[in-house]
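Enquirer: One structure follows; several queries about it will come next.
Protein chains: 2
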Amino acid sequence: MEAKNKLVVVGSVAVDWVITPSAEREHSVGGAAVYFAMAAAWACPVQLVGVIGGDFPATALADLEAAGVDLQGLERSDGLTFRWKGRYHENMNSRDTLETHLNVFERFSPKLPESYRGAGFLFLANIQPSLQMAVLDQMSTRPTLVGLDTMNLWIDIANDDLVAILARVDVLTINEEEALQLTGETNLVRAATKIRGMGPTTLVIKRGEYGALCFGPDGALFAAPALPLESVVDPTGAGDCFAGGFMAHLAATGDLSVANVRKAVIWGSTMASYCVEGFSYDALRGLSREDIEARYQRFVDLTRF
Amino acid sequence: MEAKNKLVVVGSVAVDWVITPSAEREHSVGGAAVYFAMAAAWACPVQLVGVIGGDFPATALADLEAAGVDLQGLERSDGLTFRWKGRYHENMNSRDTLETHLNVFERFSPKLPESYRGAGFLFLANIQPSLQMAVLDQMSTRPTLVGLDTMNLWIDIANDDLVAILARVDVLTINEEEALQLTGETNLVRAATKIRGMGPTTLVIKRGEYGALCFGPDGALFAAPALPLESVVDPTGAGDCFAGGFMAHLAATGDLSVANVRKAVIWGSTMASYCVEGFSYDALRGLSREDIEARYQRFVDLTRF
Numbered sequence: 010m011e012a013k014n015k016l017v018v019v020g021s022v023a024v025d026w027v028i029t030p031s032a033e034r035e036h037s038v039g040g041a042a043v044y045f046a047m048a049a050a051w052a053c054p055v056q057l058v059g060v061i062g063g064d065f066p067a068t069a070l071a072d073l074e075a076a077g078v079d080l081q082g083l084e085r086s087d088g089l090t091f092r093w094k095g096r097y098h099e100n101m102n103s104r105d106t107l108e109t110h111l112n113v114f115e116r117f118s119p120k121l122p123e124s125y126r127g128a129g130f131l132f133l134a135n136i137q138p139s140l141q142m143a144v145l146d147q148m149s150t151r152p153t154l155v156g157l158d159t160m161n162l163w164i165d166i167a168n169d170d171l172v173a174i175l176a177r178v179d180v181l182t183i184n185e186e187e188a189l190q191l192t193g194e195t196n197l198v199r200a201a202t203k204i205r206g207m208g209p210t211t212l213v214i215k216r217g218e219y220g221a222l223c224f225g226p227d228g229a230l231f232a233a234p235a236l237p238l239e240s241v242v243d244p245t246g247a248g249d250c251f252a253g254g255f256m257a258h259l260a261a262t263g264d265l266s267v268a269n270v271r272k273a274v275i276w277g278s279t280m281a282s283y284c285v286e287g288f289s290y291d292a293l294r295g296l297s298r299e300d301i302e303a304r305y306q307r308f309v310d311l312t313r314f
Numbered sequence: 010m011e012a013k014n015k016l017v018v019v020g021s022v023a024v025d026w027v028i029t030p031s032a033e034r035e036h037s038v039g040g041a042a043v044y045f046a047m048a049a050a051w052a053c054p055v056q057l058v059g060v061i062g063g064d065f066p067a068t069a070l071a072d073l074e075a076a077g078v079d080l081q082g083l084e085r086s087d088g089l090t091f092r093w094k095g096r097y098h099e100n101m102n103s104r105d106t107l108e109t110h111l112n113v114f115e116r117f118s119p120k121l122p123e124s125y126r127g128a129g130f131l132f133l134a135n136i137q138p139s140l141q142m143a144v145l146d147q148m149s150t151r152p153t154l155v156g157l158d159t160m161n162l163w164i165d166i167a168n169d170d171l172v173a174i175l176a177r178v179d180v181l182t183i184n185e186e187e188a189l190q191l192t193g194e195t196n197l198v199r200a201a202t203k204i205r206g207m208g209p210t211t212l213v214i215k216r217g218e219y220g221a222l223c224f225g226p227d228g229a230l231f232a233a234p235a236l237p238l239e240s241v242v243d244p245t246g247a248g249d250c251f252a253g254g255f256m257a258h259l260a261a262t263g264d265l266s267v268a269n270v271r272k273a274v275i276w277g278s279t280m281a282s283y284c285v286e287g288f289s290y291d292a293l294r295g296l297s298r299e300d301i302e303a304r305y306q307r308f309v310d311l312t313r314f
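Read top to bottom, the protein sequences are chains A and B.
So the number in this note's numbering is just where the residue sits in the first sequence, counting from 1, plus 9.
So the number in this note's numbering is just where the residue sits in the second sequence, counting from 1, plus 9.
This is the structure we're talking about:
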């Protein structure tokens, strides 16, 4: 595969402690970059940038490698891996963060391997905006498409850095509440107009079990549902898997047309629908291309009229 | 138009006091049957059953008549019209009921005009289940399609009556939270399975600004978005307008196929999108068929991939 189809992702790599109303996993491998990579690697070459501590499970490294993820840019550092602990509410739509420990991410300074620098696609998954900027700055040529995700924490404590990096990206994927928070709006359409004025020409608003709204490169709106599921085990990482499926489709096809961006939203929704069916990336492991294509077809059936 | 395409609706007829974060209307004509009728009458003949007091504005009667709604079944009673007062929260997605006065609905006993009794389509809009039952019982032949809407109040205080009428309807339109409340489930897919076991073969779950989910007559799922709007003036009646657009399309076409039920969901969504753009039925008044068809097309554009 040529460099133009390669997809670099930087973001958190984590060991989570996830508590849901019906179950709990104390050492759940996660982090935005891990979820993203597991959701993307079936479709295009993925190169991961991040940092882990000595406690990161070797089995997870093996899973990423088995999925085809390039780990040359994953730094092994002394100390503990980033940790997040959270508890989901009864309806699984909202959660409380109980603990966050940056650990090895506190002193992390990403260094992109030479083989990553020419990639055509770059996704700056959720992590400090300054780290996102550092990765973008190390690309040898400006990628064809740069995407970014962020969270309420960075809107609060690193707003200037976030605004600076936003001006340099093509696609923003962001939660509904965060889009309102970022812009100080109460209406999503007005928030989207403001955000598109800050840099990204394509904006994907993630709405959890309600799906996603995409303001495409032409400004026109596309609405995609989430797949209604009878059993949601763990919503952690669904947004990152969405981004992984979305970016991977664009990288694999190299087609940035409005029509293909819409398809990418559905591929993202497809990968997110798997994510929530298990803890960690359990439900993404071992999927065949046929499995994934059949699930994409369920979105076709769900929306056609 | 033949009786088989006629659509009878029974439900509340109200004078509301609506407070939103940015505006307020003290005498806002509303009620489920009024919203339903205003959203349906452009597409098929609508016959309304309800009761008003001496305070009901003559202008609203004129509006209903101008829209073509048959008011022979609208009883004029001594006393005050049903009144509801509510306040919407900042995001317009939720509201508090401040006051409810049944007034003339307390002693209402619906008597269907002879010309209503052979209608092919019947919608039992939100009102006491016992009144819904009384109307259904007065139909001379079982209508081709019977739809029903309800609310949390009746789930709480008239559950037996509600369960009895549910067993006799084909379509239930219900809010997401109310679907969970009715079934004691926390998952919507499981709630839908339970509800479809209670009677309705078609179930439409209304999700406000997130659109609607329809479990069709074949059990297959259809997801429709709401139209993202830059300005929402007053969400009151949106669900009733949805039901009006939905039922009217089925009555006008007489086609109950799975494919046409999906189109009906989009027609419902189309009418709901108008409803929220003004207080009362302001934004529904004076629409041309061309206006409405153009807005339907916006749903096509919003969802195609």
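Every residue gets a Cβ at the ideal spot worked out from N, C-alpha and C, and that includes glycine.
Which of the residues in the region 203 to 216 of chain B, read from start to end, lie with their CB under 8 Å from any CB of chain A?
Expert: Within the region 203 to 216 of chain B, the residues whose Cβ lies closer than 8 Å to some Cβ of chain A are R216, listed in chain order.
Enquirer: Which residues, in chain order, does the region 270 to 285 of chain A contribute to contact with chain B at a C-beta distance below 8 Å?
Expert: Against chain B - using a Cβ distance shorter than 8 Å - the residues of the region 270 to 285 of chain A are R271, K272, V274 and I275.
Enquirer: Under 8 Å by Cβ, that's how I've got A76 (chain B) and A252 (chain B) pegged, so tell me the actual separation to the nearest angstrom.
Expert: Reading the second sequence from its first residue, position 67 is the one you call residue 76 (chain B). Reading the second sequence from its first residue, position 243 is the one you call residue 252 (chain B). With 8 Å as the limit, A76 (chain B) and A252 (chain B) do not qualify as a contact, their Cβ atoms being about 16 Å apart.
Enquirer: In angstroms, rounded to a whole number, what distance separates the CA positions of A12 (chain B) and V267 (chain B)?
Expert: Indexing the second sequence from 1 puts residue 12 (chain B) at position 3. Indexing the second sequence from 1 puts residue 267 (chain B) at position 258. Straight-line Cα distance between these residues: approximately 23 Å.
Enquirer: With distance defined between alpha-carbon atoms, name the residue in A:L238, A:S149, A:K203 and A:G208 nearest to G220 (chain A).
Expert: Here residue 220 (chain A) corresponds to residue number 211 of the first sequence, with the count starting at 1. It is A:L238.
Enquirer: For S289 (chain A), which beta-bridge partners are listed by DSSP?
Expert: Locating residue 289 (chain A) in the first sequence gives position 280, counting from the first residue. None, per the DSSP bridge assignment.
Enquirer: In the DSSP assignment, the beta strand (DSSP E) including E35 (chain B) goes from what residue to what residue?
Expert: As a working note, residue 35 (chain B) is residue 26 in the second sequence. E35 (chain B) -> beta strand (DSSP E) spans E33 to G39.
Enquirer: Could you check how far apart the C-beta atoms of Y44 (chain B) and C223 (chain B) are, in whole angstroms? I think they sit under 8 Å.
Expert: Counted from its first residue, the second sequence places residue 44 (chain B) at position 35. Counted from its first residue, the second sequence places residue 223 (chain B) at position 214. That pair is no contact at about 20 Å.
Enquirer: Examine chain B for any beta-carbon lying closer than 8 Å to the beta-carbon of A48 (chain A), and answer yes or no.
Expert: Within the first sequence, numbered from 1, the residue matching residue 48 (chain A) stands at position 39. So no, A48 (chain A) is outside the interface.
Enquirer: Using alpha carbons as the reference points, say which of A:L191, A:D146 and A:M148 lies closest to I166 (chain A).
Expert: Walking along the first sequence from the start, residue 166 (chain A) turns up at place 157. Closest by alpha carbon: A:L191.
Enquirer: Could you tell me whether any Cβ in chain B is nearer than 8 Å to the Cβ of P237 (chain A)?
Expert: Working through the first sequence from its first residue, we reach residue 237 (chain A) at position 228. With 8 Å as the cut-off, P237 (chain A) counts as an interface residue toward chain B.
Enquirer: Check whether the Cβ atoms of S37 (chain B) and G62 (chain B) sit closer than 8 Å, and answer yes or no.
Expert: Mapped onto the second sequence, residue 37 (chain B) falls at position 28. Mapped onto the second sequence, residue 62 (chain B) falls at position 53. No, they are not a contact pair.
Enquirer: Leaving aside the five residues before and after G225 (chain A) along the sequence, list all residues of the same chain whose C-beta is less than 8 Å from its C-beta, in chain order.
Expert: On the first sequence, position 216 is the one that residue 225 (chain A) refers to. The residues are T211, F231, V267, V270 and R271.
Enquirer: Determine the chain B residues that contact E115 (chain A) at a beta-carbon separation under 9 Å, and present them in chain order.
Expert: Within the first sequence, residue 115 (chain A) is the residue found at index 106, counting from 1. Result: empty, since nearest Cβ-Cβ is about 36 Å, beyond 9 Å.
Enquirer: DSSP on E123 (chain B), reduced to helix/strand/coil?
Expert: Position 114 of the second sequence holds residue 123 (chain B). E123 (chain B) falls in the helix class under three-state DSSP.
Enquirer: Out of B:E108, B:D64, B:P152 and B:A50, which has the shortest C-alpha to C-alpha gap to L80 (chain B)?
Expert: Within the second sequence, the letter at position 71 stands for residue 80 (chain B). When only C-alpha atoms are compared, the closest one is B:A50.
Enquirer: Nearest-angstrom Cα distance between A233 (chain A) and K15 (chain B)?
Expert: Within the first sequence, numbered from 1, the residue matching residue 233 (chain A) stands at position 224. Within the second sequence, numbered from 1, the residue matching residue 15 (chain B) stands at position 6. About 35 Å.
Enquirer: Find the nearest neighbour of T90 (chain A) within the set A:R307, A:A201 and A:G39, judged by alpha-carbon distance.
Expert: Stepping through the first sequence from its first residue, residue 90 (chain A) is reached at position 81. The residue with the shortest Cα to Cα distance from T90 (chain A) is A:G39.
Enquirer: Considering only residues of the same chain and omitting the five flanking positions on each side of L197 (chain A), which have a CB-CB separation below 8 Å?
Expert: The sequence position of residue 197 (chain A) within the first sequence is 188, counting from 1. The residues are E185, A188, L189, I214 and L222.
Enquirer: Are the C-beta atoms of D25 (chain A) and some chain B residue less than 8 Å apart?
Expert: Start at 1 with the first residue of the first sequence, and residue 25 (chain A) comes out as number 16. No, because no Cβ of chain B sits closer than 8 Å to the Cβ of D25 (chain A).
Enquirer: Name the chain A residues whose beta carbon is nearer than 7 Å to that of L222 (chain B)?
Expert: Counting from 1 along the second sequence, the entry for residue 222 (chain B) is found at position 213. Ordered by position in chain A, the residues that pass the 7 Å Cβ test against L222 (chain B) are P237.
Enquirer: Can you say whether G206 (chain B) is buried or exposed, counting buried as having 16 or more other CB atoms within 10 angstroms of its CB?
Expert: Here residue 206 (chain B) corresponds to residue number 197 of the second sequence, with the count starting at 1. So G206 (chain B) ends up on the exposed side.
Enquirer: Which class does P218 (chain B) belong to by DSSP, given the choice of helix, strand or coil?
Expert: The residue labelled residue 218 (chain B) in the question sits at position 209 within the second sequence. First, the amino acid is wrong: residue 218 (chain B) is Glu here, not Pro. Here E218 (chain B) sits in helix by DSSP.
Enquirer: Hey, how far is the Cα of A52 (chain B) from the Cα of K94 (chain B)?
Expert: Translated into the one-based positions of the second sequence, residue 52 (chain B) becomes position 43. Translated into the one-based positions of the second sequence, residue 94 (chain B) becomes position 85. Roughly 31 Å between the two C-alpha positions.
Enquirer: Counting only Cβ pairs nearer than 9 Å, list the residues of chain B close to D310 (chain A).
Expert: By 1-based counting over the first sequence, the position of residue 310 (chain A) is 301. Residues of chain B passing the Cβ test: A229, L230 and F231.
Enquirer: Does K94 (chain A) come out as helix, strand or coil in the three-state DSSP assignment?
Expert: Against the first sequence, residue 94 (chain A) aligns to sequence position 85. Strand.
Enquirer: So which residues of chain B does F288 (chain A) contact, with C-beta pairs closer than 7 Å?
Expert: For the purposes of this step, residue 288 (chain A) is taken as residue 279 along the first sequence, with counting starting at 1. The contacting residues do not exist; F288 (chain A) stays about 18 Å from chain B at best.
Enquirer: Measure the Cβ-Cβ separation of G248 (chain B) and D158 (chain B) and say whether it is below 8 Å.
Expert: As a position in the second sequence, residue 248 (chain B) is number 239, starting the count at 1. As a position in the second sequence, residue 158 (chain B) is number 149, starting the count at 1. Yes.
Enquirer: State yes or no: is the beta carbon of L197 (chain B) nearer than 8 Å to at least one beta carbon in chain A?
Expert: The residue labelled residue 197 (chain B) in the question sits at position 188 within the second sequence. Chain A contact via Cβ: present.
Enquirer: How is I204 (chain A) classed by DSSP in three states: helix, strand or coil?
Expert: Here residue 204 (chain A) refers to the residue found at position 195 of the first sequence. Note: I204 (chain A) maps to helix in three-state DSSP.
Enquirer: Please return the same chain residues whose Cβ sits closer than 7 Å to the Cβ of T150 (chain A), not counting the five positions on each side in sequence.
Expert: Counting from one through the first sequence, the residue named residue 150 (chain A) turns up at place 141. Around T150 (chain A): G127.
Enquirer: Helix, strand or coil, according to DSSP, for N135 (chain A) in the structure here?
Expert: Within the first sequence, residue 135 (chain A) is the residue found at index 126, counting from 1. Three-state DSSP puts N135 (chain A) in coil, outside helix and strand.
Enquirer: Going along chain B in order, which residues have a C-beta closer than 8 Å to the C-beta of E99 (chain A)?
Expert: Residue numbering aside, residue 99 (chain A) sits at position 90 when the first sequence is read from its first letter. Within chain B, the residues near E99 (chain A) are T195.
Enquirer: When the cut-off is 8 Å and only beta carbons count, does P119 (chain A) lie next to chain B?
Expert: Your numbering for residue 119 (chain A) matches position 110 in the first sequence. No, no contact with chain B.
Enquirer: Would a C-beta distance cut-off of 8 Å place V285 (chain B) and D227 (chain B) closer than the cut-off?
Expert: Working through the second sequence from its first residue, we reach residue 285 (chain B) at position 276. Working through the second sequence from its first residue, we reach residue 227 (chain B) at position 218. No; because the gap between Cβ atoms is not below 8 Å, this pair is not in contact.
Enquirer: Measuring straight from C-alpha to C-alpha, what distance separates L265 (chain B) and L265 (chain A)?
Expert: Here residue 265 (chain B) corresponds to residue number 256 of the second sequence, with the count starting at 1. Here residue 265 (chain A) corresponds to residue number 256 of the first sequence, with the count starting at 1. If I take the Cα positions, the gap works out to 40 Å.
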